[in-house]
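Protein chains in written order, with my numbering: chain A, 86 to 500; chain B, 28 to 139.
Backbone N, C-alpha and C define an ideal beta-carbon position, used for all residues, glycine too.
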């Protein structure tokens with residue numbers, strides 16, 4: 086066994102000497118693998134990062150939350166949009182009916198959005214999203230308060246002029262180190278006291294990050310804004326109790342809302358009950374397609390790289406035929422010659438793969454800022470890149486290595 | 028011994044089969060099974076490829092490696108619950124390959 090490992094070690098040394106002796110040839114032949122690994126792992130890295138970002142954004146809406154609104158999220162081929170146009174938007178009375186009658190609901194909240202300027206002395210942020218939210222919005226949405234607190238029941242009920250700022254807005258309005266709590270900002274020409282700051286969430290592919298939003302009580306915004314107007318995107322988020330499925334919740338909500346809207350039996354619902362799972366399923370198909378395209382493009386690049394390595398290994402065997410003859414006549418076993426050339430091919434391929442992965446890693450360091458989202462080279466993609474390189478090395482190197490191992494020593498020495 | 032025509036045909040089919048299945052190693056479906064699953068599946072595919080080279084040169088280790096890679100592949104499919112229609116086609120072909128190999132096994136070379 087010791088002798089076997091000694092021979093393996095020696096064959097790897099032979100291989101590395103040969104690679105170092107022909108630096109330019111080594112570089113050119115591993116370039117094919119580098120490009121192949123770069124192509125395929127780049128696509129996987131970008132799609133994985135995109136998927137992570139989008140799924141994170143969807144999950145921030147809540148997995149066990151049903152959204153009551155006018156339009157359904159699922160679009161089919163025969164989407165009857167003209168029917169949905171005539172529907173009423175979500176109303177505060179719908180929320181009251183849900184809170185009063187539902188037995189499967191843990192919490193429900195109404196939300197309405199508008200875009201306005203937010204001002205703190207001379208500092209101002211244009212087009213910030215101002216959300217009017219009802220009391221339990223913190224129970225149906227995923228966000229954390231970093232500083233301060235959420236609205237009290239009294240503040241929500243009385244529609245007090247208090248506000249909770251997103252992190253980006255805080256950074257835009259206040260100087261670093263300045264405590265915003267208790268300070269007054271101006272919106273709709275009125276003063277609002279800051280009572281809380283939402284923890285930074287980062288960019289969201291779905292555009293639902295709280296970073297650039299201000300939350301104020303719904304009962305305040307109702308006095309200024311028409312909360313029924315479609316342009317203000319009103320919706321009700323309903324969270325199911327533990328152990329209650331979304332299907333059960335939707336069944337109950339359908340009954341409650343049909344009763345509240347006085348819909349006759351047999352008539353169609355005039356509201357949509359949306360779930361985040363609908364969005365997730367929609368994206369599943371998209372990511373499968375992107376992954377498949379990347380797989381095909383990368384597959385061809387890898388194939389070309391593999392042919393390059395096989396070609397260079399055949400040249401290598403031809404060049405060193407007499408050396409192989411001498412080694413065999415001095416007692417070298419067939420597997421020693423095989424391992425020598427096979428390890429050279431694997432080594433070459435692995436260096437190519439590592440180079441490709443290194444380039445991707447360098448790009449990910451800078452690409453995150455350029456694309457406005459975190460792009461990371463994951464462990465799974467690194468392992469995949471190295472695996473592909475290793476396998477390409479074996480597959481493209483085995484035939485030349487085996488043909489070298491099968492050479493007759495006498496014939497080989499003569500060449 | 029001259030290589031029988033049937034073994035040449037099997038090897039050519041086998042080489043083509045490996046070329047077709049190799050991209051499957053890094054397909055999204057295998058990737059979803061786990062971090063190291065493409066590596067495991069890839070090694071099985073590489074072993075299958077090498078086994079066909081062995082059979083092409085009429086070596087016993089080629090047939091033995093083919094049998095080993097076939098059962099490893101079956102185990103992989105069972106453990107990962109990833110049997111598909113193509114897997115059953117693969118089983119039929121593999122069974123045919125192995126039965127044919129067995130006819131020539133005694134005449135094959137025992138050396139590397």
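Exercise. Is it buried or exposed for residue 137(B), if we count other Cβ within 10 angstroms and need 16 for buried?
Worked result: By one-based count along the second chain, residue 137(B) stands at place 110. Answer is exposed; the Cβ neighbour count stays below 16.
Problem set entry | Partners in chain A for residue 40(B), counting only beta-carbon separations shorter than 9 Å | In the second chain, the residue the question calls residue 40(B) occupies position 13. Per Cβ cutoff of 9 Å: no residues; residue 40(B) is ~17 Å from chain A at best.
For this session: Decide if residue 179(A) is buried, meaning its Cβ has at least 16 other Cβ atoms within 10 Å, or exposed.
Result: Translated into the one-based positions of the first chain, residue 179(A) becomes position 94. Burial call: buried.
For this session: Determine the chain A residues that contact residue 54(B) at a beta-carbon separation under 7 Å, and present them in chain order.
Result: Translated into positions along the second chain, residue 54(B) becomes position 27. Ordered by position in chain A, the residues that pass the 7 Å Cβ test against residue 54(B) are 380.
For this session: Measure how close the beta-carbons of residue 96(B) and residue 74(B) come, nearest whole angstrom, since I'm counting them as under 8 Å.
Result: Position 69 of the second chain, counting from 1, holds the residue named residue 96(B). Position 47 of the second chain, counting from 1, holds the residue named residue 74(B). Between residue 74(B) and residue 96(B) the Cβ distance is about 4 Å, and since that is below 8 Å, they are a contact.
For this session: Flag this pair as yes or no: are the beta carbons of residue 58(B) and residue 65(B) separated by less than 8 Å?
Result: In the second chain, counting from the first residue as 1, residue 58(B) sits at position 31. In the second chain, counting from the first residue as 1, residue 65(B) sits at position 38. It is a contact, given that the beta carbons lie within the stated cut-off.
For this session: Can you tell me which of 227(A), 347(A), 197(A) puts its alpha carbon nearest to the alpha carbon of residue 313(A)?
Result: Taking the first chain and counting its residues from 1, the one referred to as residue 313(A) is at position 228. Checking every option, the nearest Cα to that of residue 313(A) belongs to 197(A).
For this session: Mind listing the chain A neighbours of residue 77(B)? Cutoff is C-beta to C-beta under 7 Å, in chain order.
Result: For the purposes of this step, residue 77(B) is taken as the residue at position 50 of the second chain. Neighbours of residue 77(B) on chain A, chain order: 483.
Exercise. Going by Cα to Cα distance, which pick from 228(A), 458(A), 193(A), 444(A) is closest to residue 298(A)?
Worked result: Along the first chain, one-based indexing puts residue 298(A) at 213. Checked all of 228(A), 458(A), 193(A), 444(A); the closest Cα to residue 298(A) is 228(A).
Exercise. Taking residue 361(A) as the reference, which of 114(A), 149(A), 476(A), 124(A) has the closest Cα?
Worked result: Along the first chain, read from residue 1 onward, the residue named residue 361(A) stands at position 276. Minimum Cα distance to residue 361(A) is reached at 149(A).
Exercise. Shorter than 8 Å from the beta carbon of residue 58(B) to some beta carbon of chain A?
Worked result: Taking the first residue of the second chain as 1, we reach residue 58(B) at position 31. True, the Cβ-Cβ gap to chain A drops below 8 Å.
For this session: Quickly, what does DSSP pair residue 358(A) with across the bridge? List them, please.
Result: For the purposes of this step, residue 358(A) is taken as residue 273 along the first chain, with counting starting at 1. Residue 358(A) pairs with 153(A).
Problem set entry | Per-residue DSSP class, three states only, for residue 216(A) | Locating residue 216(A) in the first chain gives position 131, counting from the first residue. Three-state result, residue 216(A): strand.
For this session: Write down every uninterrupted run of the alpha helix (DSSP H) in the region 115-148 of chain A whose length is 4 residues or greater and which is fully enclosed by it, in chain order.
Result: none
Problem set entry | Within chain E, partners of residue 62(B) - CB distance below 7 Å | Of the protein chains in this structure, namely A and B, none is chain E.
For this session: Would you be able to state if there are at least three C-beta pairs under 8 Å between the region 115-135 of chain B and the region 30-44 of chain B?
Result: yes
For this session: Go ahead and label residue 324(A) buried or exposed: buried means 16 or more other beta carbons lie within 10 angstroms of its beta carbon, across all protein chains shown.
Result: By one-based count along the first chain, residue 324(A) stands at place 239. By the neighbour-count rule (16 or more Cβ atoms within 10 Å), residue 324(A) is buried.
For this session: Please list the partners that residue 367(A) has in chain B, where partner means a Cβ-to-Cβ separation under 8 Å.
Result: Locating residue 367(A) in the first chain gives position 282, counting from the first residue. Here the premise fails: no neighbours, minimum Cβ distance about 17 Å.
Exercise. Would you call the region 451-466 of chain A and the region 424-438 of chain A touching, i.e. three or more CB-CB distances under 8 Å?
Worked result: no
For this session: Determine the direct distance from the alpha carbon of residue 452(A) to that of residue 320(A), and round the result to whole angstroms.
Result: In the first chain, counting from the first residue as 1, residue 320(A) sits at position 235. In the first chain, counting from the first residue as 1, residue 452(A) sits at position 367. If you take the alpha carbons of residue 320(A) and residue 452(A), they lie about 36 Å apart.
Exercise. So, does the CB of residue 94(B) fall closer than 8 Å to a CB anywhere in chain A?
Worked result: Translated into the one-based positions of the second chain, residue 94(B) becomes position 67. Taking Cβ atoms only, chain A never reaches closer than 8 Å to residue 94(B), which makes this a no.
For this session: Put residue 261(A) into one of helix, strand or coil per three-state DSSP.
Result: In the first chain, the residue the question calls residue 261(A) occupies position 176. In this structure, residue 261(A) counts as coil in the three-state DSSP scheme.
Exercise. So, do the region 478-497 of chain A and the region 431-442 of chain A have three or more beta carbon pairs nearer to each other than 8 Å?
Worked result: yes
Exercise. Any chance the region 379-395 of chain A sits against the region 95-104 of chain A, with 3 or more Cβ pairs inside 8 Å?
Worked result: no
For this session: Express the C-alpha separation of residue 105(B) and residue 224(A) in angstroms, rounding to a whole number.
Result: Taking the first chain and counting its residues from 1, one reaches residue 224(A) at position 139. Taking the second chain and counting its residues from 1, one reaches residue 105(B) at position 78. The alpha-carbon atoms of residue 224(A) and residue 105(B) are separated by roughly 43 Å.
Exercise. So does residue 91(A) have its beta carbon nearer than 7 Å to some heavy atom of the ligand MN?
Worked result: The ligand content of the structure shown is nil, which means the ligand MN is not present either.
For this session: Tell me where the beta strand (DSSP E) around residue 250(A) begins and ends.
Result: As a first step, residue 250(A) is located in the first chain; it is residue number 165 there, counting from the start. Per DSSP, residue 250(A) belongs to the beta strand (DSSP E) from 247-250.
Exercise. What are the boundary residues of the beta strand (DSSP E) that includes residue 321(A)?
Worked result: Taking the first chain and counting its residues from 1, the one referred to as residue 321(A) is at position 236. Start and end: 320-325.
Exercise. Out of curiosity, what's the CA-to-CA distance linking residue 332(A) and residue 352(A)?
Worked result: For this step, residue 332(A) is matched to residue 247 along the first chain. For this step, residue 352(A) is matched to residue 267 along the first chain. Roughly 21 Å between the two C-alpha positions.
For this session: Give the C-beta separation of residue 71(B) and residue 114(B) to the nearest angstrom, bearing in mind that I take them to be a contact with Cβ-Cβ under 8 Å.
Result: In the second chain, counting from the first residue as 1, residue 71(B) sits at position 44. In the second chain, counting from the first residue as 1, residue 114(B) sits at position 87. About 13 Å; that fails the 8 Å criterion.
Exercise. If you draw a straight line from the C-alpha of residue 168(A) to the C-alpha of residue 342(A), how long is it?
Worked result: Indexing the first chain from 1 puts residue 168(A) at position 83. Indexing the first chain from 1 puts residue 342(A) at position 257. Distance between the alpha carbons of residue 168(A) and residue 342(A) is about 18 Å.
Exercise. When the Cα of residue 130(A) is compared with those of 469(A), 496(A), 306(A), 495(A), which residue comes out closest?
Worked result: By 1-based counting over the first chain, the position of residue 130(A) is 45. Measuring from the Cα of residue 130(A), the nearest candidate turns out to be 469(A).
Exercise. Of all the beta strand (DSSP E) runs that stay within the bounds of the region 436-474 of chain A, which reach a length of 3 or more residues?
Worked result: none
Exercise. Per DSSP, what kind of secondary structure is residue 177(A) in: helix, strand or coil?
Worked result: By 1-based counting over the first chain, the position of residue 177(A) is 92. Residue 177(A) falls in the helix class under three-state DSSP.
Exercise. Do you know how far the Cα of residue 46(B) is from the Cα of residue 101(B)?
Worked result: Here the question's residue 101(B) lines up with position 74 in the second chain. Here the question's residue 46(B) lines up with position 19 in the second chain. Each residue's Cα considered, the two are about 19 Å apart.
Exercise. Looking at the structure shown, is residue 281(A) part of a helix, part of a strand, or coil, going by DSSP?
Worked result: Within the first chain, the letter at position 196 stands for residue 281(A). Strand.
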